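Chemist: Let me begin by handing over the structure; questions about it come next.
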Amino acid sequence: MVVYSFYIFDRHTECIYSKTWLPTSSDPSSGSGPATATATTTTTNHNHYNPATALRPSTADDAKLIFGAVFSLRNMVRKLGGDDDAFVSYRTAHYKLHYYETASSLRLVMLTDTATLSMRNVLHQIYINLWVEYVVKNPLSPVEHKGGVGVRNELFELGLDQFIRGLI
Amino acid sequence: MAHFGPGKTASSKEQAGLRYPSNGKTIYHRPLHRTKTAELSQASFAYLFSEMVSYAQRRVTGIQELEKRLNIQGHPIGLKLLDLLLTREPPRSQTRPLTIIALLHFIKINLWTHLFGRQADRLEKSSNPDTPDEYMIIDNEPLVNAYISVPREMSQLNCAAYVAGIVEGVCDGAAFPARVTAHSVGGKEEGEMWPGKTVFLVKFQPEVLEREALFGKG
Amino acid sequence: MTVFALIIINKAGGLIYNRTFHEGGLNKISTNDYLVLAGTFHGVHAITARLNPLKPRVGNRSSTSSSSGPGGLLTRPEPPSGLEVLESENFRMQCFTTLTGVKFLLFTDPTQANVDLTMRRVYDMYTDYVMKNPFYQLEMPVRCDMFDRKLGSYIREINNR
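Residue numbers (full-length UniProt numbering), protein chains in the order written: chain A, 1 to 168; chain B, 1 to 218; chain C, 1 to 161.
The following block contains the structure:
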């Protein structure tokens with residue numbers, strides 16, 4: 001199982017947190033390329049990634065696209081499946097996107113490889129054990145996290161990274 | 001011949017636009033029996049026929065005219081098939097059918113087997129005493145209609161008019177001039193066994209029946 | 001095991017076929033809503049193809065086109081792939097895109113197995129009874145009795161299994 005990235009969107013549709021665990025270029029034939037992925041993981045055994053992975057546009061664009069896709073799909077699911085229905089995940093040939101929405105319209109999105117089974121529980125755990133514990137219960141954290149204020153605290157980041165690494 | 005490109009030698013045997021294989025063997029040199037059991041792809045036929053119908057549909061004013069055009073497309077095939085199928089018969093039975101019944105059997109069995117790989121489903125004579133010149137060849141599932149859904153506003157149309165043209169060609173070639181038309185008789189209900197059932201109505205010219213009557217006396 | 005519905009979207013994002021096989025599987029929505037849904041999905045599909053976290057973007061391809069694979073051969077980039085399976089609590093949707101850009105969306109119940117096979121058969125029927133029909137105009141709504149009939153009996157067989 002490989003986790004590629006993780007995003008949190010607040011109820012104002014703003015991306016208030018994003019983190020990527022993209023694999024570094026581990027192609028032995030292209031050892032000269034500098035590894036510039038945002039976070040390193042232990043997934044280097046997943047070989048032959050194009051060295052051009054490092055040339056990706058900013059994650060801010062990605063976040064906007066992801067939110068657009070997720071929001072449309074969520075509305076589509078509601079329309080077809082009824083108001084009690086919830087969009088869970090979608091998969092393409094290259095990756096899988098998992099979605100979890102809390103009662104307060106906080107939206108957690110995770111991108112993994114295609115073989116991963118449902119991550120609904122994982123996202124729920126992140127919400128309960130990390131978000132509620134380290135962000136909501138943090139007296140220094142504001143109510144609204146405009147621009148990500150209050151989310152990027154040490155405990156949350158560390159907890160999330162450890163949690164995800166534990167899964168891999 | 002003025003516009004032969006450079007490097008091309010105009011030999012006396014060659015004509016512009018026609019190409020002959022280098023060994024001189026054209027399609028006419030091949031034995032007629034070799035392809036007797038050869039099979040063709042139904043998909044490629046379906047696409048070809050689809051284009052034939054679209055082509056026939058251009059600038060037509062009505063369904064009758066469209067069917068007429070399909071009929072005309074099939075007619076020469078019937079004429080040629082009569083020759084080909086008789087040639088392929090064993091030498092003893094290489095005569096053309098001489099009575100209506102023999103002709104219709106030839107169509108039902110030989111022609112259908114050659115074209116569609118099976119016989120036609122039924123052969124009937126019109127029970128109406130006013131039309132003794134009408135015979136019916138019935139096909140439950142015409143192969144040419146296998147993939148065709150006729151739009152509702154053209155429900156009178158049956159694209160097997162093309163096959164009717166072939167049948168007409170065979171009749172004409174055997175000196176039994178006739179008009180052949182295709183009619184859909186299958187119901188449109190869900191549970192219908194043969195929704196594409198088609199009747200080929202063969203209406204012989206009066207002189208054919210006259211001759212037949214004379215034969216009967218003799 | 002139930003197949004709820006089938007939607008076919010042409011390469012421009014227009015709805016060309018829409019049929020419900022099982023009442024109560026999906027909410028009933030108006031034809032207009034289906035048209036909107038088809039257009040929306042068409043857009044989302046394009047976005048999901050771009051979101052691939054592993055591959056460079058189209059805009060970057062020029063800089064990577066000279067990259068050589070094993071043996072020094074130029075590697076051909078894989079064709080982009082958009083959304084293939086969508087899961088929700090109440091249904092599962094499989095999307096199949098043909099080489100010509102037509103999308104087939106098959107809605108089933110969440111536990112439906114072997115949707116690939118069903119999709120394959122539906123596509124077969126489309127190529128047979130729609131594409132080989134001389135009266136079908138490309139990109140236009142599919143109105144073919146034969147397609148309706150064959151599709152109906154095939155899906156009924158699955159739903160009654």
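Note that beta-carbon positions come from the ideal geometry of N, C-alpha and C, so glycine has one too.
Because the structure is a prediction, the values reported are computed rather than measured.
(1) What is the DSSP secondary structure of B:Pro206, reduced to helix, strand or coil?
(2) Going by Cα to Cα distance, which pick from C:Arg161, C:Tyr129, C:Asn160, C:Thr48 is closest to C:Arg149?
(3) Along the segment 33-56 of chain C, what residues have a CB closer than 8 Å to any CB found in chain A?
(4) Here's the rule I'm using: 16 or more other beta-carbon atoms within 10 Å means buried, otherwise exposed. How should A:Val132 be labelled?
(5) If you measure from the beta carbon of B:Ile148 to each beta carbon in chain C, is any gap under 8 Å?
(6) Please report how far the alpha carbon of B:Leu115 lies from the alpha carbon of B:Arg69, in whole angstroms.
(7) Buried or exposed: A:Tyr4, going by 16 or more other Cβ atoms within 10 Å of its Cβ?
(8) State the start and end residues of the unbroken alpha helix (DSSP H) segment that holds A:Arg120.
(9) In angstroms, rounded to a whole number, what distance separates the CA positions of B:Pro132 and B:Tyr55?
(10) Let me see if you follow: with CB-CB separation under 8 Å, is A:Gly148 close to chain C or not?
(11) Can the beta-carbon of B:Ala174 be found less than 8 Å from the beta-carbon of B:Arg88?
(12) Would you say C:Leu86 reaches chain A, if we count a Cβ-Cβ gap shorter than 8 Å as a contact?
(13) Can you check whether the CB of B:Ser127 is closer than 8 Å to the CB of B:Asn158?
(14) Against chain A, with Cβ distances strictly below 8 Å, would C:Ser62 count as a contact?
(15) Inspect the beta-carbon positions of A:Arg91 and A:Thr114 and report whether they are closer than 8 Å.
(16) Shorter than 8 Å from the beta carbon of A:Met110 to some beta carbon of chain C?
(17) Does DSSP put B:Thr9 in a helix, in a strand, or in coil?
(18) Please report the straight-line C-alpha distance between A:Met1 and C:Met140, rounded to a whole angstrom.
(19) In the segment 90-121 of chain C, which residues sit with their C-beta less than 8 Å from some C-beta in chain A, listed in chain order?
(20) Tell me where the beta strand (DSSP E) around B:Gln94 begins and ends.
(21) Quick one: what does DSSP say B:His29 is sitting in, helix, strand or coil?
(22) Tell me which same chain residues have a C-beta within less than 8 Å of the C-beta of C:Glu157, skipping the five on either side of it?
(23) Using only alpha-carbon positions, find the residue among A:Phe163, A:Leu22, A:Phe6, A:Ala60 that is nearest to A:Gly147.
(24) Anything in the segment 142-171 of chain B with a Cβ closer than 7 Å to a Cβ of chain C? List those residues in chain order, please.
(25) Would you mind stating whether A:Phe9 and A:Arg107 have Cβ atoms separated by less than 8 Å?
(26) Could you tell me the alpha carbon to alpha carbon distance between C:Thr48 and C:Thr2, rounded to whole angstroms?
(27) So, does the segment 129-144 of chain B touch the segment 190-209 of chain B, judging by three or more C-beta pairs under 8 Å?
(28) Is it buried or exposed, A:Asp62, if we count other Cβ atoms within 10 angstroms and call 16 or more buried?
(29) Hey, quick one: how far does the beta strand (DSSP E) through B:Arg146 stretch, first residue to last?
(30) Checking the sheet assignment: what are the DSSP bridge partners for B:Met52?
(31) Got a sec, what are the start and stop residues for the alpha helix (DSSP H) C:Ala49 sits in?
(32) Tell me, please, whether the segment 42-55 of chain B touches the segment 138-148 of chain B by the rule of three or more beta-carbon pairs shorter than 8 Å.
(33) Would you tell me roughly how many angstroms separate the C-alpha atoms of C:Thr40 and A:Ser72, rounded to the nearest one?
(34) Taking Cβ-Cβ distances below 9 Å as the criterion, which residues of the segment 128-158 of chain C are in contact with chain B?
(35) For a contact meaning CB atoms closer than 7 Å, what does C:Leu6 contact in chain A?
(36) At the 8 Å Cβ level, is A:His94 part of the contact set with chain C, yes or no?
Modeler: Quick answer:
(1) helix
(2) C:Tyr129
(3) Asp33, Leu37, Thr40, Phe41, Gly43, Val44, Ile47, Thr48, Ala49, Arg50, Leu51, Asn52, Pro53, Leu54, Lys55, Pro56
(4) exposed
(5) yes
(6) 20 Å
(7) buried
(8) 120-125
(9) 36 Å
(10) no
(11) no
(12) yes
(13) no
(14) Note on C:Ser62: pLDDT 40, under 50, position unreliable in the model; the coordinate value appears next. Taking Cβ atoms only, chain A never reaches closer than 8 Å to C:Ser62, which makes this a no.
(15) yes
(16) no
(17) Residue confidence is low: B:Thr9 scores 46 on pLDDT, short of 50, so the model does not pin down where it sits. No coordinate-derived value is stated.
(18) 43 Å
(19) Asn90, Phe91, Phe107
(20) First-last for B:Gln94: undefined, no H or E at that position.
(21) helix
(22) none
(23) A:Ala60
(24) Tyr147, Ile148, Ser149, Val150, Pro151
(25) yes
(26) 27 Å
(27) yes
(28) buried
(29) For the sequence presented, residue 146 of chain B should be read as Ala rather than Arg. Run containing B:Ala146: none; DSSP gives neither H nor E here.
(30) B:Met52 pairs with nothing; no bridge assigned.
(31) 31-50
(32) yes
(33) 7 Å
(34) Asp128, Tyr129, Val130, Met131, Lys132, Asn133, Pro134, Phe135, Tyr136, Arg143, Cys144, Asp145, Met146, Phe147, Asp148, Arg149, Gly152, Ser153
(35) Here the premise fails: no neighbours, minimum Cβ distance about 13 Å.
(36) yes
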